[in-house]
Amino acid sequence: DEAMDDFFSSLEQLIKAKMHDVWYIIVQFILEYQKRHKCNIIGKDFVSLHLSRVFRNIMLNKDVNFIDLFVMLIADENKESLLNMLSKDLKTDQQRLNLLTLSEMYHVHLEGHNQVESIRIKRLKQYYYMEFIKQDPSIKGQFNLETDNIQHLLKLFYNKKLDVRWLERISRDFNLDYQELLITQVLSILSGQEFKYDVKIDAFGEEELIVLSTVNDIRNLCQSYLHAIKNTDLITTKLLQFINEINIYFYELYLYVIEILSFLDKMPKEMEIWKQMLQFLKHKMVKRRRNRPGPYETDMWLQSQSEMGVMPKIARFRLPFKPIIEQPLKDILDNELSVENCESWFPLMQMHTMLKGSSDVAKIRDYFCMSAVKNSIGEYKAKNESEIWHLQPTNNAFLQSILRLVKHVTNPSKTFMILYFVANYAPDGADQVEASYECYKYAMEHSEFITNENYQDRLMKIKRKYPILKTQHLLYIYGLTEEKLLRLVENPTELIYNLYHHELILKTSKLDINQVAKEIAELHNLDLAAMQLQLLQKWLSFTGRSSTENVLEETLFEEQGTDDVSDANGGNAAENVIRSNYILNSWPQKEAVDFFVAHIFPDDGGVSTSKQLQMYECFSKLNDGSESFKNVLSQKQYITIKCVHELRQLGYNLSLEKFTNCNKVDLLKTIWKQNAQNPHTLEILANICLGFDISHSKIWNGILKRMAMFNMVRELNALLDILSCENKILDIEGLIVAWECVLWQPFKTANQTRSIAQEEVLQKALFRLQGCPIVHKLNLVEFAELCICLDRAHMAAVALALCRDEAKREHIKKLILPRRNEQMRKDILELEDAGLMSVILNFALRELEL
Numbered sequence: 001d002e003a004m005d006d007f008f009s010s011l012e013q014l015i016k017a018k019m020h021d022v023w024y025i026i027v028q029f030i031l032e033y034q035k036r037h038k039c040n041i042i043g044k045d046f047v048s049l050h051l052s053r054v055f056r057n058i059m060l061n062k063d064v065n066f067i068d069l070f071v072m073l074i075a076d077e078n079k080e081s082l083l084n085m086l087s088k089d090l091k092t093d094q095q096r097l098n099l100l101t102l103s104e105m106y107h108v109h110l111e112g113h114n115q116v117e118s119i120r121i122k123r124l125k126q127y128y129y130m131e132f133i134k135q136d137p138s139i140k141g142q143f144n145l146e147t148d149n150i151q152h153l154l155k156l157f158y159n160k161k162l163d164v165r166w167l168e169r170i171s172r173d174f175n176l177d178y179q180e181l182l183i184t185q186v187l188s189i190l191s192g193q194e195f196k197y198d199v200k201i202d203a204f205g206e207e208e209l210i211v212l213s214t215v216n217d218i219r220n221l222c223q224s225y226l227h228a229i230k231n232t233d234l235i236t237t238k239l240l241q242f243i244n245e246i247n248i249y250f251y252e253l254y255l256y257v258i259e260i261l262s263f264l265d266k267m268p269k270e271m272e273i274w275k276q277m278l279q280f281l282k283h284k285m286v287k288r289r290r291n292r293p294g295p296y297e298t299d300m301w302l303q304s305q306s307e308m309g310v311m312p313k314i315a316r317f318r319l320p321f322k323p324i325i326e327q328p329l330k331d332i333l334d335n336e337l338s339v340e341n342c343e344s345w346f347p348l349m350q351m352h353t354m355l356k357g358s359s360d361v362a363k364i365r366d367y368f369c370m371s372a373v374k375n376s377i378g379e380y381k382a383k384n385e386s387e388i389w390h391l392q393p394t395n396n397a398f399l400q401s402i403l404r405l406v407k408h409v410t411n412p413s414k415t416f417m418i419l420y421f422v423a424n425y426a427p428d429g430a431d432q433v434e435a436s437y438e439c440y441k442y443a444m445e446h447s448e449f450i451t452n453e454n455y456q457d458r459l460m461k462i463k464r465k466y467p468i469l470k471t472q473h474l475l476y477i478y479g480l481t482e483e484k485l486l487r488l489v490e491n492p493t494e495l496i497y498n499l500y501h502h503e504l505i506l507k508t509s510k511l512d513i514n515q516v517a518k519e520i521a522e523l524h525n526l527d528l529a530a531m532q533l534q535l536l537q538k539w540l541s542f543t544g545r546s547s548t549e550n551v552l553e554e555t556l557f558e559e560q561g562t563d564d565v566s567d568a569n570g571g572n573a574a575e576n577v578i579r580s581n582y583i584l585n586s587w588p589q590k591e592a593v594d595f596f597v598a599h600i601f602p603d604d605g606g607v608s609t610s611k612q613l614q615m616y617e618c619f620s621k622l623n624d625g626s627e628s629f630k631n632v633l634s635q636k637q638y639i640t641i642k643c644v645h646e647l648r649q650l651g652y653n654l655s656l657e658k659f660t661n662c663n664k665v666d667l668l669k670t671i672w673k674q675n676a677q678n679p680h681t682l683e684i685l686a687n688i689c690l691g692f693d694i695s696h697s698k699i700w701n702g703i704l705k706r707m708a709m710f711n712m713v714r715e716l717n718a719l720l721d722i723l724s725c726e727n728k729i730l731d732i733e734g735l736i737v738a739w740e741c742v743l744w745q746p747f748k749t750a751n752q753t754r755s756i757a758q759e760e761v762l763q764k765a766l767f768r769l770q771g772c773p774i775v776h777k778l779n780l781v782e783f784a785e786l787c788i789c790l791d792r793a794h795m796a797a798v799a800l801a802l803c804r805d806e807a808k809r810e811h812i813k814k815l816i817l818p819r820r821n822e823q824m825r826k827d828i829l830e831l832e833d834a835g836l837m838s839v840i841l842n843f844a845l846r847e848l849e850l
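Written out as structure tokens, the structure reads:
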């Protein structure tokens, strides 16, 4: 028993070691031995069972010795059972192929022709299936050996390049038409193409279509087949049928089919235009479409691709090609047009026109231009419903696109209507003004060509509307948005009149009313110079006129002016001077000088001193020292008129001639005795002294003391710098009192609470104190006490260096020392930034030991 077990164990080891030939020889010897000696060492079932294992292991190999296998199969008593057992137990494709080969040999041996052919077909399908898997593993499991034919296997291979020699072999092995097989494979590849693309976000944040499927990729799959095709009529017929099945958004596939037809020299003539259209669309349709696909496009898609059910995402980017070539272009393109992109569609319009054999390109282009404007106007209107008046264009690019677009419109009436619509729907402000101007300009230049009767009323409206809009816009630009002014935009003459009475002229405003008036006058063809002259006449109240004047009638503004303006005309003389000067500043210098020469001293002498004074004030403000103003009117004349005018206010009715010839000193004494208690009198006395170089110390001493008593700081400020240059006056007591009045004033009105503005005022006073020519004569102790009261001891320290009297300096030091600290040193040093000399500050620091 033990020897028997070892024997069978050895047989098992031979099988595991794949020593099948040795195993088979041993088994055959044993069977022969059993037959001769009529004994039973191994049973027949044992042999059949283990023989199936041997066959199964051998069939795992690619290179099998089928002759040996066939001999072993024929020698076995259970041949059919063995084959049947193997067919159910084989696991790999190689085993199945080998079994089919062995089965084919066996049935040939039995001369079973029907079964031989069936097995041969299976074997060939299995063989090609295995070969195809090597080239494209993805098809594994998609082919059923029992139910699928070889054509199905070829269809699975649509996305890989297959050597045509395989097709040739297949056609021979399966008795198929080689040409039809080639054509079928080409169509199978074309039908199996999937449109691959990606969507990315570009640098501007917009979606961009990236097409991954290319004509070159499809060409690489089909090229080898096409070179082998000889039956061009059949493939042409098939391709022309296939075109109707192509995905209507798959431009690349259309292009390749047209390329094949061109290669075969079978391309219909119209397909040359198709090709150009496809190339255009391919490069243009890379951004998201303006609108979703319409009902017509949706229906077309569902008809051509009924199995898809819903619109593909690619429809968001591409137009369908088939409807473009079959239907009127407007059915597809209308909703895609805008003024920004309309020009870019012109090539497609032209190609489509050629395709349809139409010659009326201009008419079709006009239609699409109008469609583009209508589409954009709706969006433009929706975006601009704000009631704000925009000073700058909010969308100038839109108007520029319109202007570029209308250059392509051949019908003048349509061009005018496009510009008219844009002007009507533009946002209030700069956009509407610019759009109205373009419409206005076109209307003025092409009125005779705009013959449509329906447009005549609109022509009149735009010609009237633009100047009004421009006028209104000018008011907004310059900030003149008062309701009173805006109501006058339709009456430019009255508007200009009101502008020159605007309160801004009286202020130091940067607004140029003259420029506004000039632009409005030019816009409405008004004579601004004549209007300005009339205003000057009213403001300066001329009673006589030069024979060379060109003046408007008196009634020009009288009836138009409002009550407010009338009050202004007869009101404040100072305001009239300012307004007159404002106008004259805008004139050329020579004209302004000629104006003054003609009117300050008219021939009839009818101008009063107040009006002469007004004109002199205007003249002095205009005088910039240039040659135009030299030797025209003397300063002495102005002073004489001013003094006479002011004396008349005091009751001294002197004529210009009498005042010029009188003794000024005697006149001063007379006025002093009668009106010395009147601050205005003191101002007149000072003006006479200055104007006529009177430097009597007693007179100035009285004037300065009395001015200081009345605290006339403003007037003294104007006098001190002038009088301090007069040696005769430097020693009078009035000058000291005047300087103290002016310099002490900021410290008397200040408070202990510090602010930036107040510190600047006090620092300026210190700076002026430093430069005072008689500072050593001033009561610097009083100044120091004022500083100490304000808690500004560091400012009092400045007086230490300015004080020459040793006793007074010690007094000032005693006032400061109780408040000495480290902060005081910093505060003193910071005064250098205000302009105080470092010598003065360093002296104060040494004195205070800081």
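Mapping the sequence shown onto full-length UniProt numbering, position 622 (from 1) lands on 622, and the numbers just tick up by one. For each residue, glycine too, the CB sits at the ideal point set by N, CA and C.
Suppose you measure from the CA of residue i to the CA of residue j; what does that come to, to the nearest Å?
i           : j           : result
residue 784 : residue 793 : 8 Å
residue 737 : residue 745 : 12 Å
residue 433 : residue 279 : 42 Å
residue 319 : residue 277 : 11 Å
residue 462 : residue 414 : 15 Å
residue 40  : residue 34  : 6 Å
residue 425 : residue 330 : 25 Å
residue 774 : residue 782 : 16 Å
residue 25  : residue 147 : 41 Å
residue 117 : residue 244 : 40 Å
residue 84  : residue 316 : 59 Å
residue 450 : residue 419 : 13 Å
So residue i and residue j are supposed to be a Cβ contact under 8 Å. How far apart are they, rounded?
i           : j           : result
residue 704 : residue 735 : 6 Å
residue 423 : residue 392 : Going by Cβ atoms, the distance from residue 423 to residue 392 rounds to 18 Å, so no, they are not a contact pair.
residue 740 : residue 779 : 6 Å
residue 841 : residue 850 : Wrong, their Cβ atoms sit about 10 Å apart, outside the cutoff.
residue 212 : residue 202 : Their Cβ separation, rounded to whole angstroms, is 17 Å, which puts residue 212 and residue 202 out of contact at 8 Å.
residue 195 : residue 254 : Going by Cβ atoms, the distance from residue 195 to residue 254 rounds to 11 Å, so no, they are not a contact pair.
What is the DSSP secondary structure of residue i, counted as helix, strand or coil?
i           : result
residue 390 : strand
residue 429 : strand
residue 264 : coil
residue 210 : strand
residue 134 : helix
residue 287 : strand
residue 145 : coil
residue 8   : helix
residue 439 : helix
residue 482 : coil
Considering residue i, what are the terminal residues of the beta strand (DSSP E) in which it resides?
i           : result
residue 310 : Residue 310 -> no beta strand (DSSP E), and no H or E assigned at all.
Less than 7 Å between CB atoms is the rule here; does residue i satisfy it with respect to chain D?
i           : result
residue 100 : Checking the listed chains, one finds no chain D in this structure; it contains a single protein chain.
Exposed or buried, which one is residue i when buried takes at least 16 other CB atoms within 10 Å?
i           : result
residue 37  : exposed
residue 757 : exposed
residue 797 : buried
residue 801 : buried
residue 854 : The requested residue 854 is not part of the displayed model; the chain covers only 1 to 850.
residue 155 : buried
residue 101 : buried
residue 846 : exposed
residue 436 : buried
residue 803 : buried
Can you give me the start and stop residues for the alpha helix (DSSP H) that residue i sits inside?
i           : result
residue 198 : Not the alpha helix (DSSP H): residue 198 falls in the beta strand (DSSP E), residues 197–201.
residue 737 : 733–749
residue 106 : 93–110
residue 242 : 232–242
residue 189 : 178–192
residue 342 : No alpha helix (DSSP H) contains residue 342, which DSSP labels as neither H nor E.
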